[in-house]
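Asks: The structure follows.
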Amino acid sequence: MAENVIEKSANINEDGCFYFRMDENGCIRNLDQNIPFNLYSNISPVGMWRDVWTIYNQDTKIRINTIYALSWNERKVLLYIKCNFDYFIN
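Quick note on the numbering used here: the sequence shown kicks off at 242 and runs consecutively.
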């Protein structure tokens, strides 16, 4: 029976080092921020990716993780959601 046998998994290389696979969409970042929504737009359910966003001048997907508060801007007719969300960058 061999000693020091390391069971190989999908995320462990031959040296036993843990590694990550690059997602085709890029690296995932996390942020707490207000997200503006038009009054008649759809708001994705918590935990679901949606790809209609631009962050730092880059088209991306976001996934809302937690909603903290809602606020309304009457003048601009926007609903702001204060939330924690993930987004892709690259």
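All C-beta atoms, glycine included, are put in the ideal place defined by N, C-alpha and C.
1. In angstroms, rounded to a whole number, what distance separates the CA positions of residue 320 and residue 314?
2. Does DSSP put residue 281 in a helix, a strand or coil?
3. Starting from residue 323, trace the beta strand (DSSP E) both ways and give me its first and last residue.
4. Give the DSSP-derived three-state secondary structure of residue 297 in the structure shown.
5. Tell me, please, whether the region 301-318 touches the region 280-292 by the rule of three or more beta-carbon pairs shorter than 8 Å.
Replies: With the given structure in hand:
1. Residue 320 sits at position 79 when you count from the first residue of the sequence shown. Residue 314 sits at position 73 when you count from the first residue of the sequence shown. Taking the CA atoms as reference points, residue 320 sits about 6 Å from residue 314.
2. Looking up residue 281 in the sequence shown gives position 40. In the three-state scheme derived from DSSP, where H, G and I count as helix and E and B as strand, residue 281 is classed as coil.
3. Looking up residue 323 in the sequence shown gives position 82. It spans 319-330 - the beta strand (DSSP E) in which residue 323 sits, taken as one unbroken run.
4. As a first step, residue 297 is located in the sequence shown; it is residue number 56 there, counting from the start. Per DSSP, reduced to three states, the secondary structure at residue 297 is coil, with no helix or strand assignment.
5. The region 280-292 and the region 301-318 touch, with three or more beta-carbon pairs separated by less than 8 Å.
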